[in-house]
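Residue numbers (the numbering used here), protein chains in the order written: chain A, 50 to 424; chain B, 50 to 424. One structure below.
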């Protein structure tokens with residue numbers, strides 16, 4: 050199973066690199082190809098899901114290691130604007146399309162909520178592979194993706210509340226406070242604390258790899274705290290990486306790369322594995338899928354682009370394109386809707402298609418938008 | 050779950066290092082402590098088992114990377130003798146003790162088969178951590194452990210055949226041919242093939258980490274082939290590492306270390322997690338456990354030591370001690386016996402106790418036997 054998933058991901062990744070396309074697209078397509086939709090060689094299971102989740106955690110941790118807290122806080126205001134408009138525009142466009150289509154209100158707001166998601170892992174991997182993380186647009190994208198995750202959580206909480214019955218406002222407020230509090234606290238104070246504590250602690254431990262062990266424990270602990278606070282575990286992983294970015298040695302970077310090189314293909318192929326094309330053989334659903342896909346791309350381009358209007362046209366395009374991939378995050382929202390019984394199997398399929406398709410379209414667009422490296 | 054297992058393993062490992070004991074013992078004890086027997090914080094599950102198995106695969110792969118094929122083939126004859134006597138003595142001693150105890154014949158031969166096992170991962174980790182892999186005794190241990198795995202497989206096949214009914218000799222012969230053929234072929238020709246093919250292949254691929262990706266694919270492929278051939282997957286992993294030992298770059302070593310540092314604690318703590326002490330509260334079983342434990346240590350010391358008599362007393366001791374840990378391999382044999390219904394729960398508990406206890410006793414003994422590094 051490991052051989053099939055890893056081998057096919059790396060093989061198709063190589064094929065795509067040779068076609069001058071981002072290898073990441075090949076790795077996701079490998080998952081579709083070997084998955085239940087096409088060749089049926091393998092299907093998602095507990096172990097593959099765990100490896101995929103660990104993979105995206107290490108991906109974000111590694112990206113965090115490259116990012117200084119001060120860089121991210123510097124772009125905080127613009128990133129907040131980008132994230133907010135990148136939530137509002139897709140949500141209402143998705144809801145509007147389903148309403149126009151004649152779907153019940155609750156289906157519309159769930160599709161809207163799924164369109165709010167941003168899969169920061171995909172964009173971060175493209176930028177990291179090309180050494181573009183230090184550019185201003187990249188930092189806005191990362192900061193906005195973190196904020197988007199918090200906002201997306203709140204949208205999902207509201208939407209689920211509406212679907213379930215009367216909204217529980219105190220519970221909603223608690224969710225908001227926890228999620229925002231955790232993210233702001235760790236982003237603000239994490240680096241300062243880590244810069245002081247980690248080297249001192251590592252020096253007192255016997256193991257020669259102690260700095261890496263401490264990094265892993267911080268990664269697991271913040272991921273766990275993040276999911277307690279209601280945010281995605283990967284946000285905790287990213288913040289753990291950022292907290293260590295100023296104190297981590299080259300050895301910690303190298304060892305982290307080893308884990309990422311092994312596990313990230315399972316995350317990428319895993320997105321493809323969850324894509325089952327058979328549910329798309331009705332012309333009506335195909336039509337809706339096309340419409341939702343176009344709306345998903347345009348709404349992030351416009352929403353996020355508008356939020357970055359002060360940075361000029363080149364960065365507006367980069368930021369808009371960078372926020373397009375929905376990846377695993379959009380699928381999770383659709384799964385929650387399916388699990389609550391508020392969206393039918395067909396609409397679930399439309400959202401999965403939108404999530405995977407935006408994830409496949411975005412990497413070449415990101416690469417193209419960054420083709421001139423001058424700012 | 051990851052945080053609890055990894056964190057407690059590293060914490061107890063550090064405590065043991067400070068007590069001047071091998072950290073590996075602390076990591077196994079951490080598994081016992083947090084497992085179902087004591088604190089009940091976590092229990093073995095599919096994901097933890099998969100991480101543990103991946104951990105021991107990467108451990109053996111990393112050890113293989115340090116070993117040259119020529120070194121291992123040089124000690125081949127002595128290692129064969131060490132492995133053979135290390136199979137015969139424990140098997141008959143274990144069987145004899147159970148017969149003397151009045152247990153049915155089939156129980157006796159299963160306990161004997163479990164005592165044949167050698168957990169090469171444990172010894173290899175101790176030797177690797179202390180930089181002792183290049184010493185002659187270490188190379189005899191590694192080669193003998195590989196041969197022991199093949200012999201152990203054959204013993205298990207015979208024992209299971211006896212338990213099931215009439216022995217199927219053609220099937221047994223096929224098992225032997227497959228296992229021996231795979232091991233000899235890969236050990237003999239693997240390095241030659243890898244030395245020629247891998248650098249050429251890596252140079253033609255686009256990804257900058259291509260050598261590591263090829264190494265991982267070889268690791269997964271040989272592990273899979275090994276289990277098809279009936280040998281343990283870790284033997285395939287070890288042979289994959291050895292095949293690459295002459296062509297692997299420093300970068301491949303570093304990235305492999307990253308994965309090992311993350312996953313090996315799950316292998317070590319996983320051994321502890323499978324240890325449930327509650328089944329030992331009858332005095333009779335405690336007595337039998339003590340007897341079997343003493344027999345397990347002495348039989349490997351004598352058997353393997355005698356096999357290495359031509360190397361002198363220091364190496365005899367090192368090799369005898371190095372083959373003592375039964376680890377996960379002994380437990381697997383006991384689980385097969387339990388699954389076939391031929392050994393009762395109590396005897397299963399005795400074997401698990403023997404497997405874990407030898408694994409805890411051996412590391413300090415290995416460290417002590419190597420205290421003078423002169424040969």
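Glycine residues also receive a C-beta, built at the ideal position from the N, C-alpha and C atoms.
Cβ-based burial, residue i [other Cβ within 10 Å; buried from 16]
| i | result |
| --- | --- |
| residue 215/B | exposed |
| residue 188/B | buried |
| residue 343/B | exposed |
| residue 172/B | buried |
| residue 59/A | buried |
| residue 260/B | buried |
| residue 397/B | buried |
| residue 95/B | exposed |
| residue 209/B | buried |
| residue 220/A | exposed |
| residue 213/B | exposed |
| residue 183/B | exposed |
| residue 139/B | buried |
| residue 224/A | buried |
| residue 226/A | exposed |
Residue i: contacting residues in chain A (beta-carbon distance under 7 angstroms)
| i | result |
| --- | --- |
| residue 362/B | Going along chain A, no residue has its Cβ under 7 angstroms from residue 362/B, so there is no contact; the nearest lies around 32 angstroms. |
Given residue i as reference, the closest of the options once Cα atoms are compared
| i | options | result |
| --- | --- | --- |
| residue 241/A | 178/A, 386/A, 119/A, 221/A | 119/A |
| residue 265/B | 230/A, 308/A, 237/A, 270/A | 308/A |
| residue 395/B | 53/B, 130/B, 96/B, 152/B | 152/B |
| residue 145/B | 362/B, 348/B, 384/B, 370/B | 348/B |
| residue 198/A | 212/A, 217/A, 233/A, 176/A | 233/A |
| residue 322/A | 103/A, 105/A, 360/A, 79/A | 79/A |
| residue 72/B | 212/B, 369/B, 176/B, 381/B | 176/B |
| residue 56/A | 390/A, 313/A, 180/A | 313/A |
| residue 296/B | 244/B, 272/B, 333/B | 244/B |
| residue 50/A | 52/B, 268/B, 331/B | 268/B |
| residue 279/A | 237/A, 248/A, 230/A | 230/A |
| residue 192/B | 158/B, 68/B, 130/B, 376/B | 130/B |
| residue 190/A | 170/A, 340/A, 251/A, 93/A | 170/A |
| residue 222/B | 334/B, 379/B, 206/B | 206/B |
| residue 105/A | 383/A, 185/A, 290/A, 90/A | 290/A |
| residue 334/B | 387/B, 88/B, 53/B, 147/B | 147/B |
| residue 167/A | 377/A, 420/A, 158/A | 377/A |
| residue 52/B | 67/B, 69/B, 91/B | 91/B |
| residue 137/B | 351/B, 88/B, 98/B, 388/B | 351/B |
| residue 421/A | 201/A, 391/A, 362/A, 404/A | 362/A |
| residue 310/B | 174/B, 387/B, 390/B, 98/B | 174/B |
Contact set for residue i: own chain, Cβ-Cβ below 7 angstroms, skip 5 residues either direction
| i | result |
| --- | --- |
| residue 305/B | 107, 110, 111, 114 |
| residue 263/A | 247, 250, 251 |
| residue 316/A | 101, 104, 105, 108, 170 |
| residue 81/A | 87, 321, 324 |
Heavy atom of the ligand ATP within 8 angstroms of residue i beta-carbon
| i | result |
| --- | --- |
| residue 292/A | Absence of the ligand ATP from the depicted structure is noted, as is the absence of any ligand whatsoever, leaving it without description. |
Neighbour list for residue i in chain B, Cβ cutoff strictly below 8 angstroms
| i | result |
| --- | --- |
| residue 269/A | 51, 52, 55, 56 |
Residues that residue i contacts on chain A, provided the C-beta gap is smaller than 8 angstroms
| i | result |
| --- | --- |
| residue 261/B | 307, 310 |
| residue 256/B | 59, 62, 63, 66, 72 |
| residue 96/B | 95, 96, 99 |
Residues near residue i in its chain [Cβ-Cβ closer than 8 angstroms; skip 5 each side]
| i | result |
| --- | --- |
| residue 74/A | 65, 409, 412, 413 |
| residue 124/A | 185, 188, 189, 192 |
Cβ neighbours of residue i in the same chain (closer than 6 angstroms, five flanking residues each side left out)
| i | result |
| --- | --- |
| residue 117/B | 294 |
| residue 418/A | 366, 367, 370 |
| residue 62/B | 72, 75, 76 |
| residue 402/B | 338 |
| residue 275/A | 282, 284, 285 |
| residue 373/B | 346, 349, 407, 411 |
| residue 31/A | Only positions 50 to 424 of chain A appear in this structure, which leaves residue 31/A out of reach. |
Contact set between residue i and chain B, taken where Cβ atoms lie within less than 7 angstroms
| i | result |
| --- | --- |
| residue 265/A | 55, 311 |
| residue 273/A | 52 |
Beta-carbon neighbours of residue i, restricted to chain A and to distances below 9 angstroms
| i | result |
| --- | --- |
| residue 303/B | 300, 303, 304, 306, 307 |
* To do: Counting only runs of 4+ residues fully inside the segment 236 to 268 of chain B, write out the alpha helix (DSSP H) ranges in chain order.
  => none
* **Inside the segment 162 to 204 of chain A only - alpha helix (DSSP H) runs reaching at least 4 residues** => 169 to 178
* Whole alpha helix (DSSP H) elements within the segment 350 to 413 of chain A, 4-residue minimum -> 362 to 371, 376 to 389
* **Segments assigned alpha helix (DSSP H), at least 4 residues, entirely inside the segment 259 to 327 of chain B** => 259 to 277, 282 to 293, 299 to 322
* **3 or more residues per run - each beta strand (DSSP E) lying fully within the segment 63 to 107 of chain B** => none
* At what residue ranges does the segment 108 to 154 of chain B contain a whole run of the alpha helix (DSSP H), taking only runs of 4 or more? -> 118 to 123, 125 to 149
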